[in-house]
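Chemist: Just passing along the structure, written as structure tokens.
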Amino acid sequence: MKYFVCTLVAVMLSGKLLAQQTVNNPGAQALPDSVISKLKTGVAGFMERYHSPSMVVAIVHSGNIVFTEALGFANLEKRIPAGIDYPYPVLSVSKLFTATMLMQLKERGQLRLEDDVAKYLPEFKGGFNDKGRSGVSLLQLATHTSGLPRNSQADLVFAKQVDEWIITRKPMSALTPATKDALLQSLPAIRAQYEPYKFLSYGDRLYSNLGYCMLGIAGERAAKKDYRLFINQHIFQPLHMAASGFDQDEKKPVLAIGYFYDDSAKTFIPTPPFHSNGALYAGGMYSTARDLAKFISFQFDTTAEAGKVLSAANRAMMAAFRIGWKPDFPFVLHEGAMLGYRCIVVCNPDLKLGWVILTNTSEFEFSRINRYFAELLTPVFTPGAQPGIEKFAGEYQLEGTSEKFTITLKDGQLYSGYLAGIAPAVALTRYGPLRFRAAGRGAYTISYEFVSDPAGVVRSLTLGQLKWIRIGE
Numbered sequence: 000m001k002y003f004v005c006t007l008v009a010v011m012l013s014g015k016l017l018a019q020q021t022v023n024n025p026g027a028q029a030l031p032d033s034v035i036s037k038l039k040t041g042v043a044g045f046m047e048r049y050h051s052p053s054m055v056v057a058i059v060h061s062g063n064i065v066f067t068e069a070l071g072f073a074n075l076e077k078r079i080p081a082g083i084d085y086p087y088p089v090l091s092v093s094k095l096f097t098a099t100m101l102m103q104l105k106e107r108g109q110l111r112l113e114d115d116v117a118k119y120l121p122e123f124k125g126g127f128n129d130k131g132r133s134g135v136s137l138l139q140l141a142t143h144t145s146g147l148p149r150n151s152q153a154d155l156v157f158a159k160q161v162d163e164w165i166i167t168r169k170p171m172s173a174l175t176p177a178t179k180d181a182l183l184q185s186l187p188a189i190r191a192q193y194e195p196y197k198f199l200s201y202g203d204r205l206y207s208n209l210g211y212c213m214l215g216i217a218g219e220r221a222a223k224k225d226y227r228l229f230i231n232q233h234i235f236q237p238l239h240m241a242a243s244g245f246d247q248d249e250k251k252p253v254l255a256i257g258y259f260y261d262d263s264a265k266t267f268i269p270t271p272p273f274h275s276n277g278a279l280y281a282g283g284m285y286s287t288a289r290d291l292a293k294f295i296s297f298q299f300d301t302t303a304e305a306g307k308v309l310s311a312a313n314r315a316m317m318a319a320f321r322i323g324w325k326p327d328f329p330f331v332l333h334e335g336a337m338l339g340y341r342c343i344v345v346c347n348p349d350l351k352l353g354w355v356i357l358t359n360t361s362e363f364e365f366s367r368i369n370r371y372f373a374e375l376l377t378p379v380f381t382p383g384a385q386p387g388i389e390k391f392a393g394e395y396q397l398e399g400t401s402e403k404f405t406i407t408l409k410d411g412q413l414y415s416g417y418l419a420g421i422a423p424a425v426a427l428t429r430y431g432p433l434r435f436r437a438a439g440r441g442a443y444t445i446s447y448e449f450v451s452d453p454a455g456v457v458r459s460l461t462l463g464q465l466k467w468i469r470i471g472e
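Numbering (numbering that gives the first Met the number 0), first residue to last: 0 to 472.
In structure tokens:
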């Protein structure tokens with residue numbers, strides 16, 4: 000059945016379609032009313048701009064959901080409203096969970112990142128004749144640096160299904176990637192399409208669904224446990240993601256329906272359901288905004304319980320090495336997309352800030368809304384705008400030595416005892432929240448780069464490319 004956009008907009012304007020909720024948890028830093036108002040306006044505006052029947056947003060800070068919004072219908076035909084607890088296919092966001100599984104197995108000593116994938120997938124040889132050697136490591140698969148093609152030739156039928164549906168819009172029972180058996184049978188013929196570790200611009204990747212399918216199969220073989228069972232036991236359960244699962248689960252909830260917006264007819268057309276088959280490891284997961292908010296919170300969690308799931312060091316390694324995550328500094332993110340759906344998970348590790356957006360449309364573009372959210376939220380959660388100048392005064396000691404000097408406050412200005420009697424005795428000049436300069440000779444200056452803790456207390460200093468600790472605090 001087709002639904003006219005004018006009807007959808009009319010219902011939205013009448014207020015009957017809205018399902019809004021802002022969550023304020025105890026201990027959470029509240030968002031200013033002005034920011035909440037702009038977030039709501041932005042969500043509604045982007046939903047209309049990209050013609051999505053629904054849009055669900057959850058924003059997280061330091062383990063707390065600080066804002067949610069759910070607009071529209073998860074199912075237009077049955078008028079089922081969207082909500083933060085309504086399950087959506089999350090598609091390639093599944094790769095974050097496959098990558099987390101990899102790091103868990105690495106942490107437990109069940110595999111090494113530098114292992115050749117042929118150790119676990121002897122079906123793949125990469126053109127080599129040596130047993131256990133393909134020339135492709137697990138780390139390369141996890142970081143999209145293997146040079147492997149985006150998909151296997153076994154996915155030809157799937158590729159044709161997508162193109163055929165977009166061209167004809169005729170009913171189709173399902174979109175079906177290759178089965179796991181067909182995928183494995185295709186591996187002996189797979190060769191790299193690009194040079195390994197090909198140098199690309201920042202944030203770009205030679206993205207490979209095939210590589211993540213291989214990574215997931217290698218992981219379940221290393222673990223000697225079914226992939227879905229492993230993810231459920233070692234990620235979903237400890238993170239209390241009870242509403243998450245896989246499209247191949249025997250018992251699963253009814254998921255949000257995907258839609259394609261026909262601009263010429265101004266209508267929404269339901270898209271065929273996606274059955275992941277062998278693409279399970281790269282895109283077979285479903286989840287809710289609330290559950291994905293828990294996964295985002297886990298990225299910042301320093302408790303012992305979180306460390307049992309995956310150590311903070313290995314979580315940081317995932318972001319730094321682009322294992323699962325795509326960089327968009329100061330954020331890392333991952334999108335999911337398929338005919339009828341688009342979603343994204345975004346994290347800022349330094350600010351302990353993140354958000355999830357779920358939609359049931361094909362054409363949503365996230366860069367603008369990510370920028371909009373970042374501009375609204377970053378100032379709110381950036382610790383102490385900049386410490387008062389008096390906060391930098393004190394005694395500093397070179398780490399691991401007895402070498403010391405003092406920074407003093409006089410008449411509202413800072414003076415440094417470093418190189419006393421050698422450098423000019425002039426006040427430090429501020430050129431950033433935590434940065435100062437001291438005059439040297441001519442154009443030469445000496446830089447002071449301070450480091451503060453989350454409470455805004457100055458703890459250390461980089462000076463002369465060395466670390467100095469503020470003492471007496």
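Using N, Cα and C, we set each Cβ at its ideal position, and we do this for glycine too.
Output the residue ranges of the alpha helix (DSSP H) runs that lie fully inside the segment 387-466 and measure 4 residues or longer, sorted by chain position.
Modeler: As far as the segment 387-466 is concerned, it has no whole alpha helix (DSSP H) run of at least 4 residues.
Chemist: Assign LEU239 to buried or exposed, taking buried as 16 or more other Cβ atoms, counted over all protein chains shown, within 10 Å of its Cβ.
Modeler: Looking at the sequence itself, residue 239 is His, so the reference to Leu does not match. HIS239 comes out exposed.
Chemist: At which residue ranges does the segment 81-111 contain complete beta strand (DSSP E) runs of 3 or more residues, listed in the order of the chain?
Modeler: 87-90
Chemist: DSSP beta-bridge partners for ILE343?
Modeler: GLU334, ILE356
Chemist: Could you give the distance in angstroms between the alpha-carbon of CYS212 and the alpha-carbon of TYR280?
Modeler: 5 angstroms
Chemist: I need the straight-line Cα distance from PHE365 to GLY420, nearest angstrom please.
Modeler: 56 angstroms
Chemist: Considering just the uninterrupted stretch of the alpha helix (DSSP H) at PHE45, what are its terminal residues?
Modeler: 32-48
Chemist: So, helix, strand or coil for GLY244, using DSSP?
Modeler: Assigned with DSSP and collapsed to three states, GLY244 falls in strand.
Chemist: By Cβ distance below 6 angstroms, which residues in the same chain neighbour LEU408 in space, the five residues on each side in sequence not counted?
Modeler: GLU389, ALA392
Chemist: For GLY471, which three-state DSSP category applies?
Modeler: coil
Chemist: Taking the Cβ atom as the reference point for each residue, do ALA153 and ALA173 lie within a distance shorter than 9 angstroms?
Modeler: Not closer than 9 angstroms, so no.
Chemist: What's the C-alpha gap between VAL22 and ILE470?
Modeler: Per-residue confidence for VAL22 stands at a pLDDT of 45, beneath the threshold of 50, marking its modelled position as unreliable; no derived number is given.
Chemist: Can you round the beta-carbon distance between LEU137 and VAL161 to whole angstroms, since I take them to be within the 8 angstroms contact cut?
Modeler: About 29 angstroms separates the two Cβ atoms, so there is no contact after all.
Chemist: Once DSSP output is grouped into helix, strand and coil, what is the label at THR377?
Modeler: helix
Chemist: Only counting the same chain, and skipping five residues up and downstream in sequence, which positions put a Cβ closer than 6 angstroms to that of THR358?
Modeler: Within the same chain, THR358 has close Cβ partners SER51, MET54, ARG341.
Chemist: Do you know offhand how far VAL379's Cα is from LEU30's?
Modeler: 7 angstroms
Chemist: Does the distance from the CB of LEU291 to the CB of VAL92 come in under 9 angstroms?
Modeler: yes
Chemist: Would you grab the beta carbon distance between HIS60 and LEU352 for me? Rounded to a whole angstrom, and I think it's under 8 angstroms.
Modeler: 5 angstroms
Chemist: So, with DSSP's three-state summary, where would you put SER133?
Modeler: coil
Chemist: Report all residues from its chain with a CB closer than 8 angstroms to the CB of LEU418; omit the five preceding and five following residues, and keep chain order.
Modeler: ILE445
Chemist: Name, in chain order, the residues that DSSP records as bridge partners for LYS325.
Modeler: LEU332
Chemist: Between which two residues does the alpha helix (DSSP H) holding ARG221 run?
Modeler: Note on identity: in this sequence residue 221 is Ala, with Arg being the wrong assignment. Taken as a continuous stretch (DSSP letters only), the alpha helix (DSSP H) holding ALA221 covers 208-222.
Chemist: Ignore the nearest five residues each way along the sequence and tell me which others in ILE468's own chain have a CB closer than 6 angstroms to its CB.
Modeler: GLN396, GLU398, SER459
Chemist: Could you tell me the alpha carbon to alpha carbon distance between GLN20 and ILE322, rounded to whole angstroms?
Modeler: Any reading at GLN20 must be qualified, since the residue scores a pLDDT of 40, below 50, and its modelled position is unreliable; no value is offered.
Chemist: DSSP beta-bridge partners for SER486?
Modeler: Any property of residue 486 remains undetermined from this structure, which presents the chain solely from 0 to 472.
Chemist: Report the CB separation of ARG190 from GLY125 in whole angstroms; it is logged as a contact under 8 angstroms.
Modeler: 7 angstroms
Chemist: Determine the burial state of GLN139: buried for a count of at least 16 other Cβ atoms within 10 Å of its Cβ, exposed for fewer.
Modeler: buried
Chemist: Starting from the C-beta of ALA188, find all residues in its chain whose C-beta is less than 8 angstroms away, skip the five residues before and the five after it, and write them out in chain order.
Modeler: GLN152
Chemist: Given that a residue counts as buried once 16 or more other Cβ atoms are within 10 Å of its Cβ, and exposed if not, what is PHE66?
Modeler: Only buried fits PHE66, as 16 or more other CB atoms lie within 10 angstroms of its CB.
Chemist: Sorted by chain position, which residues of the same chain lie with C-beta nearer than 7 angstroms to VAL457's C-beta, five sequence neighbours on each side aside?
Modeler: PRO386, LYS390, PHE391, PHE449, SER451, ARG469
Chemist: Please classify ALA264: is it buried, with 16 or more other beta-carbons within 10 angstroms of its beta-carbon, or exposed?
Modeler: exposed
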